[in-house]
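Following: one structure in C-alpha cells, then a few remarks.
Protein chains in written order, with the working numbering: chain Z, 368 to 1028; chain R, 5 to 289; chain P, 40 to 189; chain C, 372 to 695.
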C-alpha cells in the first residue's frame, strides 16, 4: 500500500458512558491505535461529543500538530457533523476527519466483548488507513429557495402552513381531496376537552384560504419531485373538478338543479351513511367553497345525454365539462409531508361482523352519527331508525394483533372513551367498552377515563372473540352478541347489544408507498414514513429539506400532530432563514486528461449531470447537479472519474486496513 | 379433467356415503378421478395428538406417492385429511429441520417429495374450478324452497385453507344456491362439533352438537349439509339422543353436500346412499 | 493474519460489508439502536450508493483475506439515487460469473436489498451468511494469491 | 554525432512467448539499420547464436537495454530473467506476456496437472498409451539429463525480477519500439522507473474513430460473426464485446480499424489495480435490464467472461490465478 508520511493522525475513542465501554475494551483499542502508522496521539474519553471532548481535539491538534482526526464512537449519521466541526475548529480541514462506528455497528449488536473489541480494532485500523488519503475539500453553499411545499391539508398540514406563512414565507398547500380539513373535519368533539372539532378547525381552514402567503391547491397531487435541499422542482397535477374554481362562489344552485332530484350516491364525507349527487360539495364548510362533479356518476360523463341543468343554473358560468388534469411546476426550497393515515378496514377483522351485520359500525361512522351536521343530524339511530339501548365499543380493532397490525394506534382508547361519553349523552344506552389495556397517556386523558368510569359506562377487560347474531336465550334474541373473555373475573362473557362500534386503528395511507417514492424518503417496516432519528430528529427525513409531521409518521392524536407540525415548520423556517445550505462535497469529477469519450457514464447518471463535450471529445460532470452516488465512478474503464470522499484509493485503503494488520 | 383422489379411512368406512355421493357427483360433472395407489392413513387425530412428527411423516409418504403423478392435483374430501395434508406441506415448506428429517425417511423408503403436489378440497374444485354456473346447469331437479344450513366444522377452512373465507365461508352456500336451494345465514358454520368428545366426554359432546342443531333449526333450515365425515356422524347419530335428553326436538336431516347435489342432479337416492341415512333425509326426496 | 484468527475463539469468518448510506447502512444503525444481536463477523464500509461499488473492491477484499463479501443496497425501485442499485445488480451478476470461473465459491459474495427499516433483516442476513461461511471454512484466496507454486 | 558515441548494447530474450514479439522487433524493417547504427545486438536467441553461458559470463550491467518478452513459465525463463536482470542496465518487459502474463497466462485457469493431463494424455493428436509425462530430471545410460521444470503458475516478469519499463502489446507496435529506442539513444529524459512506455495514457476509445453515443443498453452480446457490423458505430453499442473502454491505447486501434473488437492486449491504464474487474465493470455498466433473469440472459451471451476480461492479464491481476 502507498504511504503518506505527512499525515499526523489524532485518534479518539469514546466510551459513550457505558454504551460502548461495556462491550468494547476502549483502553485496549486506544493503546492499539497508538501503535498504528501515522498515529501521533491516541486517547479514550467518556463522551467525545460533549464540549470537553471536542475541546480536547482542539487543544491536541495544536500541541501535537495533528492534521488528521479519527473518532471512534457512534454512527456517522448521528455525529459526523459534530466532529467535522470540531476538526474545522481545530484548524484542520473538516474532511481530514473519519468516523468509526463502534456503537451501532459493534457494542450494541454484539455479546462477546473480546470479539467486539477485535472488530473495533479492525474498524479503527481501516479508518486510520483511510484518513491518511483524505483530501481537503470545501462544502459548497447554495441558496435556499424560501418557498415551502406542504403536502396534505389535514390538521397537521394546516397548522404547519399557517405557522410558516405567518413567518412571512410563501407556502403551497397541496391536498388530494376537494377540501382541506382531513379526518378532523369529520369529528364531532375532540378528547379530552370535548370541544367541538368544527369550531376549532374551520377557522383555521378559512385562515388558510384567506392567507396571502398560502396558495391552496386542493384536489391536486404531487406527480414528481426533482432537485435537492433548498432547490426542489415539483410537479403538481390538479385533477379536474369541471368547475372553474375562481368563479364558483359556493351558492349550491347547481346542486339543487342537478338532474338527479334525489341524492343517490354514497357520500364519502359521511362514510357512506348518506347520499350525495354527482355535483356536490363534500360538506358545508368545505374549503375551498367550490363544488365539483364526480365524473364516475355524472350522467353527462356517463352517457353524454344530460341537459346539464347544473351548468344552466350557474349564473357565473363556472362550469367547464372539458377540464383536463393540469400540471403545474413549482420551485420550493423545503417540503413538509403531512399526508396522514387511513383507518383500518374493519372488514379485515371479519370475526367482528362488519359488513355482515348492519348494526356493526366503525368508529368513524359513529363520529358522523353523533355529529350534529352528520347524516342524522346528531340523532344516534341504527340503520332501521331505532335508537340503540345498548352499545358495545370494541377497542384495538386491527391494532395490537399479529394477524393485522402489531402496533398500538394510540388514539383509539381515548376516542372510544369520547364516543362512549357522546353515545351515552345522545342515547342514554348501556355502553360496554371492551379493551385490552386502557391507554390514556396525555394531559387530562386519565382524568377523562376517570370521568367515564363515574358516568356508568361499563368496562370489560379482554379481547373480543366475535360478534354474532347467535342467540342462546330470549334475552339475546334479535341482538348482536359480543363474546369476550373478561380477564378481571376470569370468565367468558356474552353481552347482547343493539349496536357495535369498532374502534378501528390507524394505518399508513394507502398511497404512502407512492408518496415515499416520489419524495425519495424511507418508510419504517409498518409503512409509516421514517424519521431521521426516533428521538433527536423526529420530523426530519434522510432526505435533507424534506420533513414529516402528523400521522404519516406514526399514529398520533390531534395535539401531537399539531405539535409535530409546529416542529416541522420550525425546522423548515430554520433552514430558510439560514439562507443557504451546505452540500456534502461528495460529488464526482472527470479528469479530462484520462477521459476517452466512450460515454458509458452518461446514461448511468439519473440526474443528467454528465454531458458530452463534442469539441473536446470528453465527458463532463456538472457538480451542481451531481448528487454523489458514485455509480459513474465504478463504470469508468479509464479510471478517469473520481468521487470526492469516496476515492478508489480511500476505499481500497479502508479494505486493506480492515483486513491487514 | 382428471384428479388424483385420496379417500382416507373415513370415506371407506363411517363416511362411506360421502365417497359414494362424491364420486357419483363428480362422474356426472365429467370430473375423472384416480385413487392414489397404496395410500396410508393421513395421520389425523390419534397420530397428530400423540406424536405430531409421525403424523407429518406418514402424510408425506402419501404426498411423495402423489408427486410421481406429475401435474395432477389431488382431491382430498375429508376435512381432517385435508387439514393434515395442508399442515404437512406448510411444515415441510417452512421448517428446514422437519423437511430434512422427513426427506431422510422418505429417501430410505425410496421416495422423495419436493413440494409440487397441489391439494384441493372438492368444494374448491366445484366452486373455484368448475364454477357455480356450470353446477347450476346440472341441477335437473332444482331444490326449490329447501332451506339449507351449511356446516363446515372446525378444521376444513382453518387455519391453512385459502379457498374460502375463513371467518364466513360461503362455498357450500354457493353450491346450495346453484342447486336451487336457499342457504340460511347462520353464525355457527365453523363452530366445533366436539369431534370425538361425543364418545369420551359425552355430556360436553352432546351439548356442543345440540347448539348447532338447535341454531340451524331455529334459523328455519330444512337440512344441514356438511363436508366432514366426523361432523356428519356427530350431528346425525346423536340428534335423537340429544332430543330425548334435553326434551327438545332438534332432529333435522344432516347430509353431505354431495348428497344434496346428487338429489338436485336427479341421481337416484340409492346411488347417493340416502337410504342408509339415520336422520330422516329421505323426506327431501 | 487477521486479529480474529489471533483470538483464541473458534474460527470466525471475516465479512467485508459494503453498505449504501441510505438503506442498508441505516438498517445497520437501526439494528444497533434496536440492540439486535448478530455475529461479530462483518466490517462495514459505507458508500453512498451500492452503485459505487467497484468489482475491484470485491476482488481486493478477497485477496486481502476476506472470507465473504456482503453488498447491501436499497430495494429495487427504492434507490435514493433512483437506479444505482440496478447498476450494482448488473455488475454483481457479471462478477458472480467471473468469481465462479476463478474457482471462488459464489456463496462468498452476496447481494441483499435491505431497506432502512429492516434492521431485523440485516441481523438475519449477517447471521445466515456467517453460518454459510463457517460451513465453507476459511477462504483460500489470500494464500493462493500470495503463494506462487513453481 | 552518434557514431562518435560508443554503441549501446542491446539484448532481446523470449520467455514463454509465441515469437510474435521477436518478429515485431524485426518488423521495424529498414529502421533496424538505424537501430544497429547505434547499437550492437549482443543476445537474441531467435536471430543470433549466442549461448546462455556467453551471457552469464558478460560483466554485470554490461547490457544497456534488454527487451524481455514472454511470461515466466518455467525454471529456464526464471533463470534467464535473473541473469538478464543482473547483466542489464535497463530491463524492459516487452509485450503483453512479460508485462501481464499474456495469452500463456490463461493457463492460470488450470493447474500444472491439468495442463499436463491435457497435453500428454488427452490431446487429440497424441499417441501416448503409457501416459508418459516429461520428467525434469532423468538418469539415462549416457548420464544425468535435465530439462527446465514447468511451473504451476505462469508469472509476469515483474513477479520474478525488478523491471524498469513495460512496453505493452501483443505484440507491441514496432514504431513504438523505434521511438523508445531513439529516445534513449538521443539521451532524452528517461521516464519514471516502472512506467509503461511506448503507449498512450488514455484508453482505446480515445483514438477509435467509430461513432459513440450515450445509448449503450446492451441486452445481449454477439460474437463478431453473428452480426453484420455497420463499420461505423461503437462495437459495444452493436453488442460486440470490445475491451476498448478499459484498454490502454497506443496500438493505433489496430483491431477495431480492422473491424475486430479490441481484446485488451495493451492492458489497463496507470493506477488501475485490476484490468479484468475494470473492464467487467465498464461492460456491466452498459447492460440493460432490471430483473436478474434479464441481466443473466445478457450475461449468458458472453462466452467465457473471466477468460475475456483477463485474456492478457490474468497472472498480473489481483487474483493471479484460479483459486481452486
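Ideal placement from N, C-alpha and C gives every residue a C-beta, glycine not left out.
Note that the coordinates shown come from a computational prediction; the quantities given were computed from them, not determined experimentally.
Roughly how many angstroms lie between the CA atoms of residue 464 of chain Z and residue 1026 of chain Z, to the nearest whole one? When rounded, the distance between both Cα atoms is 21 Å.
Sub-8 Å separation of residue 619 of chain C and residue 570 of chain C beta-carbons: Taking 8 Å as the cut-off, the Cβ atoms of residue 619 of chain C and residue 570 of chain C count as close.
Just curious, the alpha helix (DSSP H) that residue 430 of chain Z is in, first and last residue? For residue 430 of chain Z, the enclosing alpha helix (DSSP H) begins and ends at 418-430.
Assign residue 204 of chain R to buried or exposed, taking buried as 16 or more other Cβ atoms, counted over all protein chains shown, within 10 Å of its Cβ. The residue in question, residue 204 of chain R, is exposed, as its Cβ has fewer than 16 Cβ neighbours within 10 Å.
Under the rule that 16 or more other beta-carbon atoms within 10 Å means buried, what is residue 386 of chain Z, buried or exposed? With 16 or more other Cβ atoms within 10 Å, it is buried.
Can you tell me whether residue 596 of chain C is buried or exposed, with buried defined as 16 or more other CB within 10 angstroms of its CB? By the Cβ-count criterion, residue 596 of chain C is exposed, with fewer than 16 other Cβ atoms from all chains shown falling within 10 Å of its own Cβ.
Using a Cβ cut-off of 9 Å, which residues of the segment 642-670 of chain C contact any Cβ in chain Z, in chain order? Residues of the segment 642-670 of chain C with a Cβ closer than 9 Å to any Cβ of chain Z, in chain order: 642, 643, 644, 649, 650, 652, 653, 654, 655, 656, 657.
Length at least 4, wholly inside the segment 143-184 of chain R: the alpha helix (DSSP H) runs in chain order: Complete alpha helix (DSSP H) runs here, min 4: 175-182.
Answer with buried or exposed for residue 806 of chain Z, where buried requires no fewer than 16 other C-beta atoms within 10 angstroms of its C-beta. So residue 806 of chain Z ends up on the buried side.
Any idea what DSSP makes of residue 596 of chain C, helix, strand or coil? In the three-state DSSP reduction, residue 596 of chain C falls in the helix class (H, G or I).
Counting only the same chain and skipping the five closest in sequence on each side, list residues whose C-beta sits under 8 Å from that of residue 503 of chain Z. If you ignore the 5 residues before and after residue 503 of chain Z, its C-beta comes within less than 8 Å of the C-beta of 460, 462, 463, all in its own chain and listed in chain order.
So residue 233 of chain R packs on residue 19 of chain R, CB below 8 Å; how close in whole Å? About 3 Å separates the beta carbons of residue 233 of chain R and residue 19 of chain R, which is inside the 8 Å limit, making them a contact pair.
Considering only residues of the same chain and omitting the five flanking positions on each side of residue 486 of chain C, which have a CB-CB separation below 7 Å? Cβ within range, chain order: 478.
Extent of the continuous alpha helix (DSSP H) run through residue 170 of chain P: Run containing residue 170 of chain P: 158-175, per the alpha helix (DSSP H) assignment.
With 16 as the cutoff for other CB atoms within 10 Å, does residue 683 of chain C come out buried or exposed? So residue 683 of chain C counts as buried.
Measure from the alpha carbon of residue 691 of chain Z to the alpha carbon of each residue in Z:681, Z:668, Z:682, Z:710, then state which is nearest. Taking only the C-alpha atoms, the option nearest residue 691 of chain Z is Z:668.
Give me, in chain order, the residues of the same chain whose beta-carbon lies closer than 7 Å to that of residue 372 of chain C; leave out the 5 immediate sequence neighbours on both sides. Legend: pLDDT at residue 372 of chain C = 44, less than 50; position of this residue unreliable, value from coordinates given subsequently. Answer for residue 372 of chain C: no residue qualifies.
Beta-carbon of residue 40 of chain P versus every beta-carbon of chain Z: anything under 8 Å? Note that residue 40 of chain P has pLDDT 39, beneath the 50 cutoff, so the model's placement of it is unreliable and the number below is only indicative. So, interface residue.
Three-way DSSP call (helix, strand, coil) for residue 652 of chain Z in this model: Here DSSP, grouped into helix, strand and coil, assigns residue 652 of chain Z to coil.
For residue 89 of chain P, which three-state DSSP category applies? Collapsing the DSSP output to three states places residue 89 of chain P in a helix.
Whole-number beta carbon distance between residue 214 of chain R and residue 256 of chain R, since they are thought to touch under 8 Å: Between residue 214 of chain R and residue 256 of chain R the Cβ distance is about 12 Å, and since that is not below 8 Å, they are no contact.
For residue 125 of chain P, go through chain C and note every residue whose CB falls closer than 9 Å to its CB, in chain order. By Cβ distance, chain C contributes 660, 661, 666.
Interface flag, residue 132 of chain P vs chain C, CB-CB below 8 Å: Yes, because at least one Cβ of chain C sits closer than 8 Å to the Cβ of residue 132 of chain P.
State the Cα-Cα distance for the pair residue 136 of chain R and residue 178 of chain R, rounded to the nearest angstrom. For residue 136 of chain R and residue 178 of chain R, the gap between their C-alpha atoms comes out near 7 Å.
Name the DSSP bridge partner or partners of residue 430 of chain C? None; residue 430 of chain C has no bridge partner.
When you compare the CB positions of residue 1012 of chain Z and residue 507 of chain Z, do they come within less than 8 Å of one another, or not? Contact flag unset, no.
Proximal chain Z residues relative to residue 587 of chain C, where beta-carbon distance stays under 7 Å: Correct list: 967, 970.
So does the segment 511-519 of chain Z actually touch the segment 703-716 of chain Z, counting three or more Cβ pairs closer than 8 Å? Verdict: yes, contact present.
Which whole runs of the beta strand (DSSP E) in the segment 471-539 of chain Z are 3 residues long or more, in chain order? Qualifying beta strand (DSSP E) stretches, in chain order: 507-510, 515-518.
Do you know how far the Cα of residue 645 of chain C is from the Cα of residue 94 of chain P? C-alpha separation (whole angstroms): 9 Å.
By DSSP, does residue 381 of chain Z sit in helix, in strand, or in coil? In this structure, residue 381 of chain Z counts as strand in the three-state DSSP scheme.
How would you list, in chain order, the residues of chain Z whose beta-carbon sits under 8 Å from the beta-carbon of residue 626 of chain C? Under the 8 Å cutoff, chain Z gives no residues; its nearest Cβ is about 16 Å from residue 626 of chain C.
Tell me the start and end of each unbroken alpha helix (DSSP H) in the segment 516-561 of chain C that is at least 4 residues and wholly inside, in chain order. Runs found: 545-556.
Classify residue 183 of chain R: buried if its beta carbon has 16 or more other beta carbons within 10 angstroms, exposed otherwise. Taking all protein chains shown into account, residue 183 of chain R has 16 or more neighbouring C-beta atoms within 10 Å of its C-beta and is therefore buried.
Classify residue 968 of chain Z as buried or exposed, calling it buried when 16 or more other Cβ atoms lie within 10 Å of its own Cβ. Per the 10 Å Cβ criterion, buried.
Considering only residues of the same chain and omitting the five flanking positions on each side of residue 576 of chain C, which have a CB-CB separation below 7 Å? The beta carbon of residue 576 of chain C sits closer than 7 Å to those of 583, 615, 616, all from its chain and outside the five residues before and after it, given in chain order.
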